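Trainee: Protein chains in written order, with this note's numbering: chain D, 74 to 187; chain S, 75 to 185. Glycine residues also receive a C-beta, built at the ideal position from the N, C-alpha and C atoms. Owing to the predicted nature of the structure, the values given are computational and were not obtained by experimental measurement.
Pasting the structure below:
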């Protein structure tokens with residue numbers, strides 16, 4: 074069974090640009106959540122989607138957005154990039170809503186903003 | 075504010091010894107706790123979880139202990155192996171379904 078797949082694995086952008094990251098969950102998993110990981114702040118929750126609906130949102134500005142498609146694949150978008158957005162963005166999937174069950178993480182998309 | 079934190083940022087143990095990684099939390103409304111392991115260049119991997127109606131749960135070579143009185147969570151790894159070297163995170167989920175992670179403890183296993 075394939076794991077959680079995130080693309081791209083690495084990308085470099087400049088300030089002001091926007092970026093879209095993609096996450097394909099494990100087959101059959103309906104819940105996808107996104108996290109930002111930085112050395113200074115650790116792992117921080119961005120948002121969670123279940124059956125194409127955003128179920129929960131972390132404390133991030135509106136520049137961070139996401140969506141989930143009918144096949145459970147998810148994308149997150151960051152607009153007007155800032156230097157501080159440089160981070161590892163992790164996606165996790167779970168069978169049901171993430172309030173129960175274990176999360177399966179992808180290997181992340183490492184974003185560098187110059 | 076409420077937070078999830080770790081007592082020690084690094085832990086070094088001898089191969090074969092037992093490891094104990096600690097985590098403090100302050101949100102008494104949290105009812106579900108998880109330990110993750112993150113190896114270099116990889117995403118976090120689920121190790122074990124525990125609900126607040128339990129105080130101990132055992133897995134293969136790992137045990138999680140929950141002390142709700144002092145809001146303390148620990149992960150015990152028996153007979154630590156070099157492959158256990160990684161960063162370990164605790165996480166809590168509160169009654170708003172918000173997931174918060176601790177800063178992480180780097181475990182180094184010396185041969």
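With distances taken Cα to Cα, identify the nearest neighbour of residue 183 (chain D) among D:75, D:177, D:167, D:157.
Mentor: For the purposes of this step, residue 183 (chain D) is taken as residue 110 along the first chain, with counting starting at 1. Closest option to residue 183 (chain D), Cα to Cα, is D:157.
Trainee: Against chain S, does residue 133 (chain D) count as a neighbour if the rule is that its beta carbon must be under 8 Å from one of theirs?
Mentor: The residue you call residue 133 (chain D) lines up with position 60 of the first chain. Output row for residue 133 (chain D): interface = no.
Trainee: Just to confirm before moving on: does the CB-CB distance between residue 138 (chain S) and residue 124 (chain S) stay below 8 Å?
Mentor: Position 64 of the second chain, counted from the first residue, corresponds to residue 138 (chain S). Position 50 of the second chain, counted from the first residue, corresponds to residue 124 (chain S). Yes, Cβ-Cβ distance for residue 138 (chain S) and residue 124 (chain S) is below 8 Å.
Trainee: Distance check for residue 158 (chain S) and residue 96 (chain S), CA to CA, integer angstroms please.
Mentor: Mapped onto the second chain, residue 96 (chain S) falls at position 22. Mapped onto the second chain, residue 158 (chain S) falls at position 84. Whole-angstrom Cα-Cα distance: 16 Å.
Trainee: Which ranges does the beta strand (DSSP E) cover as unbroken runs of at least 3 residues, wholly within the stretch 87 to 140 of chain D, from first to last along the chain?
Mentor: For the stretch 87 to 140 of chain D, whole beta strand (DSSP E) runs of length 3 or above, ordered along the chain, are 92 to 97, 104 to 111, 115 to 123, 126 to 130.
Trainee: Determine the burial state of residue 75 (chain D): buried for a count of at least 16 other Cβ atoms within 10 Å of its Cβ, exposed for fewer.
Mentor: Residue numbering aside, residue 75 (chain D) sits at position 2 when the first chain is read from its first letter. Burial call: exposed.
Trainee: The stretch 108 to 125 of chain D: which residues have C-beta closer than 7 Å to a C-beta of chain S, in chain order?
Mentor: So the list reads 115, 116, 118, given in the order they occur along the chain.
Trainee: Could you check if residue 111 (chain S) is buried or exposed, using at least 16 other CB atoms within 10 Å of its CB as the buried criterion?
Mentor: By one-based count along the second chain, residue 111 (chain S) stands at place 37. Looking at its Cβ environment, which holds 16 or more other Cβ atoms inside 10 Å, residue 111 (chain S) is buried.
Trainee: Where residue 106 (chain S) and residue 128 (chain D) are concerned, what is the direct C-alpha to C-alpha distance, given to the nearest angstrom?
Mentor: As a position in the second chain, residue 106 (chain S) is number 32, starting the count at 1. As a position in the first chain, residue 128 (chain D) is number 55, starting the count at 1. Going by the C-alpha atoms only, they are around 18 Å apart.
Trainee: If the cut is a Cβ gap below 9 Å, which residues of chain D does residue 178 (chain S) touch?
Mentor: Numbered from 1 along the second chain, position 104 holds the residue referred to as residue 178 (chain S). Going along chain D in sequence order, the residues near residue 178 (chain S) (Cβ under 9 Å) are 115, 116.
Trainee: Under a CB-based cut-off of 8 Å, is residue 181 (chain S) close to chain D?
Mentor: The residue labelled residue 181 (chain S) in the question sits at position 107 within the second chain. So, not an interface residue.
Trainee: Can you tell me whether DSSP reads residue 92 (chain S) as helix, strand or coil?
Mentor: In the second chain, counting from the first residue as 1, residue 92 (chain S) sits at position 18. It is coil, neither helix nor strand.
Trainee: Go through its chain and collect everything with a Cβ distance to residue 108 (chain S)'s Cβ below 6 Å, but skip five positions before and after it.
Mentor: Position 34 of the second chain, counted from the first residue, corresponds to residue 108 (chain S). Closer than 6 Å at the Cβ level, and outside the excluded window around residue 108 (chain S), lie 123, 165.
Trainee: Any C-beta of chain S within less than 9 Å: which residues of the stretch 147 to 164 of chain D qualify?
Mentor: Here the close residues are 161, 163, 164.
Trainee: Does chain D have any CB closer than 8 Å to the CB of residue 128 (chain S)?
Mentor: Reading the second chain from its first residue, position 54 is the one you call residue 128 (chain S). No, residue 128 (chain S) does not count as interfacial toward chain D.
Trainee: If you drop the 5 nearest sequence neighbours on each side, which residues of the same chain put their C-beta closer than 6 Å to that of residue 97 (chain D)?
Mentor: Working through the first chain from its first residue, we reach residue 97 (chain D) at position 24. So the list reads 78, 146, once near-sequence residues are dropped.
Trainee: Between the alpha carbons of residue 93 (chain D) and residue 139 (chain D), how many angstroms are there, rounded?
Mentor: Numbered from its first residue, the first chain carries residue 93 (chain D) at position 20. Numbered from its first residue, the first chain carries residue 139 (chain D) at position 66. Computed Cα separation, rounded: 9 Å.
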